[in-house]
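Under numbering that gives the first Met the number 0, the sequence shown has 170 at position 171, and the numbering climbs by one with no breaks.
Beta carbons: idealized from backbone N, C-alpha and C, even for Gly.
Below: the structure, in structure tokens.
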Amino acid sequence: MKKFPEGFLWGAATSAYQIEGAVDVDGKGESIWDRFTGESGDRGDIACDHYRRWREDVELLGELNVNAYRFSLAWPRLFPTGSGPLERRGLDHYDRLLDALLERGIEPVVTLYHWDLPQALEDTGGWRNRETMERFAEYAATCFDAYGDRVRWWLTINEPWIVGLLGYLHGLHAPGYKGDVLGEVTVFHHLLLAHGRAVQELRARGGESKIGFAPNLSPHYPASEDAADLAVSDASDG
Numbered sequence: 000m001k002k003f004p005e006g007f008l009w010g011a012a013t014s015a016y017q018i019e020g021a022v023d024v025d026g027k028g029e030s031i032w033d034r035f036t037g038e039s040g041d042r043g044d045i046a047c048d049h050y051r052r053w054r055e056d057v058e059l060l061g062e063l064n065v066n067a068y069r070f071s072l073a074w075p076r077l078f079p080t081g082s083g084p085l086e087r088r089g090l091d092h093y094d095r096l097l098d099a100l101l102e103r104g105i106e107p108v109v110t111l112y113h114w115d116l117p118q119a120l121e122d123t124g125g126w127r128n129r130e131t132m133e134r135f136a137e138y139a140a141t142c143f144d145a146y147g148d149r150v151r152w153w154l155t156i157n158e159p160w161i162v163g164l165l166g167y168l169h170g171l172h173a174p175g176y177k178g179d180v181l182g183e184v185t186v187f188h189h190l191l192l193a194h195g196r197a198v199q200e201l202r203a204r205g206g207e208s209k210i211g212f213a214p215n216l217s218p219h220y221p222a223s224e225d226a227a228d229l230a231v232s233d234a235s236d237g
């Protein structure tokens, strides 16, 4: 019987806005998802209440016998306006979470950006503004310095294609901006620059941590071996 290799990571995954709640607790700033969902009334102010109940959630992860957990840091929980003074209470929260995971033998896989841009940065153009890339690099550097002694696996940006397509072209995700293709490409460009700047910051610190981003993969399979089916499958695969 085939076996998974030694050290294979079996895990669970979440993102900050989808589970934390506590949107205005301990100095957290407003995110674009707080603003976007507030307009429709379908808000994540409580969600799973993970910010308060994280100890219970770590226990649940232990009961699942996973050896890895991917989660995201909330940028506006650390920097309420995207830059400037660091909110120590937010930093300490993730400190405690990391320590609890490691005590359980659970490897943390940390995402720096899972779509919850500080609203203050969106007010100055968000990912359409090249300066947001530099603010992201500063935020990433802070995270590397604070948590790099315990985190071996980093993800810079979750599904950048979705950020640009649904957030800045179709307006279906936060910040709900309906733009044009040129604007969308600009967003993609700045997201990739932000990824690159974060990679530079991590590598400048040395160590053996790994870093990448999380693409959204949509595999397509042909309905048959017919040439037309193969062509359509190949064109849409990715």
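The shortest C-alpha to C-alpha distance from Glu102 to any of Leu77, Ala67, Lys1 is the one to Ala67. Nearest C-alpha to Glu224 among Leu216, Asp233, Ser217, Ser30: Asp233.
Pro117 and Pro75 do touch by the CB rule: their CB atoms are close to 4 Å apart, below 8 Å. Burial check for Glu5: the Cβ neighbour count within 10 Å stays below 16, so the residue is exposed.
Leu216 and Tyr50 have their C-alpha atoms spaced approximately 29 Å apart.
Each residue's CA atom was taken as its position, placing Ala46 and Gly40 some 13 Å apart. The C-beta separation of Leu190 from Gly163 comes to about 7 Å, placing the pair in contact by the 8 Å criterion. DSSP links Lys209 through a beta bridge to Trp152. Straight across, the Cα-Cα distance linking Val180 with Val186 is about 10 Å.
Here Leu201 has Ala139, Phe143, Gly147, Trp153, Ser208, Ile210 as same chain residues with Cβ atoms under 8 Å from its own Cβ, once five neighbours each way along the sequence are excluded. Scanning its chain for C-beta atoms nearer than 8 Å, with the 5 sequence neighbours on each side dropped, one finds around Arg196 the residues Met132, Glu133, Phe135, Ala136, Ala139, in chain order. At a Cβ-Cβ threshold of 8 Å, Arg149 and Pro218 do not count as neighbours. DSSP places Val24 outside both helix and strand once states are collapsed to three, so it counts as coil.
Relative to Arg34, the option among Gly26, Arg87, Ala222, Ala119 whose CA is nearest is Ala119. By the CB criterion at 8 Å, Ala73 and Asn157 fall outside the cutoff. DSSP places Arg69 in the strand class (E or B) of the three-state scheme.
Rounded to whole angstroms, the gap between the alpha carbons of Asp23 and Glu29 is 8 Å. The C-beta of Lys177 has fewer than 16 other C-beta atoms within 10 Å across all chains shown, which makes the residue exposed. In chain order, Ser71, His113 place their CB closer than 6 Å to the CB of Ser14, counting only its own chain and leaving out the 5 sequence neighbours on each side.
Under DSSP, Ala12 shares a beta bridge with Arg69. By the Cβ neighbour-count rule, Arg69 is buried, with 16 or more other Cβ atoms within 10 Å of its own. In this structure, Glu86 lies near Gly26, with their beta-carbon atoms less than 8 Å apart. Straight through space, the alpha carbons of Val231 and Ile161 are spaced by roughly 22 Å.
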